[in-house]
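What follows is one structure encoded as structure tokens, with my remarks underneath.
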Amino acid sequence: MHFETLSRETKEVWSPAMEAVRTKAVVFHNNFHEDRTPWQGPPNDEVDKAWDKLYKGVGVIKIPKADAERLPNQTLAIPGEDDGYIVGIEVYHQLHCIDIIRRAMYPDRYGGDKGMTESKKKEYWIHVDHCIDNIRQTIMCYSDVSTIPWKWHERVQGEFPDAHTTHVCRDFDALTEWMLHPDRHFPQEKYQLRVEAFHASSGGHGH
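In my numbering, each number is its position in the sequence shown, counted from 1, plus 1147.
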């Protein structure tokens, strides 16, 4: 990796979304018993809506050529635009992956690989496997060193880790608001339609 692809301020890989990064202290839920979040529990319409709202239609943006040239890896131009390039932002891909794994846990609701041909089943589980390892890579990459205190737990009459841990987090809502700005919001479905129209008008040939 060339140093030019790193932010001089943070030594992170440069991203156009860095301008949207805000941080705040957050105490995590312990996710047991009454301290649960809208994304937990057996699947139902409300849980599905909560997950959909996190990432669907959000994770892809349009950036100008000057920004595209700063990326560590080359990305594609948007057909029919003079100064538009498409790029995804990882956190939304990672949330998509967690949701894929969640859905794979409940084949009775989401279908899983039921009714698929053998080749489609293979593709389905390759996707799930990709998602599991993508999350593993992400967790190990960031290697969160926040501390987990141990406390006396009356119910079990013993020491127990307290999952109400404090973290410094990026403001996800602020990032999503930035992603959805009309100047940059460009859902992947819209890009796919543009590609199909471009190929149709050019007889399947590029420039």
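Note that beta-carbon positions come from the ideal geometry of N, C-alpha and C, so glycine has one too.
As assigned by DSSP and simplified to three states, the class of residue i
i, result
"residue 1127", "Missing from the structure shown is residue 1127; the chain here goes from 1148 to 1354 and no further."
"residue 1251", "helix"
"residue 1225", "coil"
"residue 1283", "helix"
"residue 1323", "helix"
"residue 1243", "helix"
"residue 1277", "helix"
"residue 1269", "helix"
"residue 1301", "coil"
"residue 1353", "In this prediction, residue 1353 scores a pLDDT of 44, lower than 50, which makes its location untrustworthy; no coordinate-derived value is stated."
"residue 1163", "helix"
"residue 1317", "strand"
Whether residue i touches residue j by CB criterion (9 Å)
i, j, result
"residue 1187", "residue 1177", "no"
"residue 1326", "residue 1208", "yes"
"residue 1310", "residue 1295", "yes"
"residue 1168", "residue 1314", "no"
"residue 1233", "residue 1223", "yes"
"residue 1202", "residue 1239", "yes"
"residue 1358", "residue 1257", "As displayed, the chain neither begins before 1148 nor continues past 1354, which places residue 1358 out of reach and without an answer."
"residue 1323", "residue 1175", "no"
"residue 1204", "residue 1343", "no"
Rounded distance between the beta-carbons of residue j and residue i, thought under 8 Å
i, j, result
"residue 1227", "residue 1345", "6 Å"
"residue 1236", "residue 1206", "6 Å"
"residue 1163", "residue 1214", "5 Å"
"residue 1219", "residue 1160", "5 Å"
"residue 1184", "residue 1316", "Wrong, their Cβ atoms sit about 14 Å apart, outside the cutoff."
"residue 1299", "residue 1308", "Their Cβ separation, rounded to whole angstroms, is 12 Å, which puts residue 1299 and residue 1308 out of contact at 8 Å."
"residue 1282", "residue 1244", "6 Å"
Residue i - containing alpha helix (DSSP H), residue span
i, result
"residue 1342", "1335-1348"
"residue 1198", "1192-1202"
Extent of the continuous beta strand (DSSP E) run through residue i
i, result
"residue 1172", "1170-1174"
"residue 1212", "Residue 1212 -> not in any beta strand (DSSP E); alpha helix (DSSP H) instead, spanning 1212-1215."
Residue i: CB within 8 Å of a non-hydrogen atom of the ligand MG
i, result
"residue 1233", "No copy of the ligand MG appears in this structure; indeed no ligand is present at all."
Proximity test, Cβ basis, 9 Å: residue i and chain C
i, result
"residue 1279", "No chain C appears in the structure shown, which is made up of a single protein chain."
| message | Closer than 8 Å is the cut-off here; do at least three beta carbon pairs connect the region 1268-1287 with the region 1247-1260? | response | Yes: at least three Cβ pairs fall under 8 Å.
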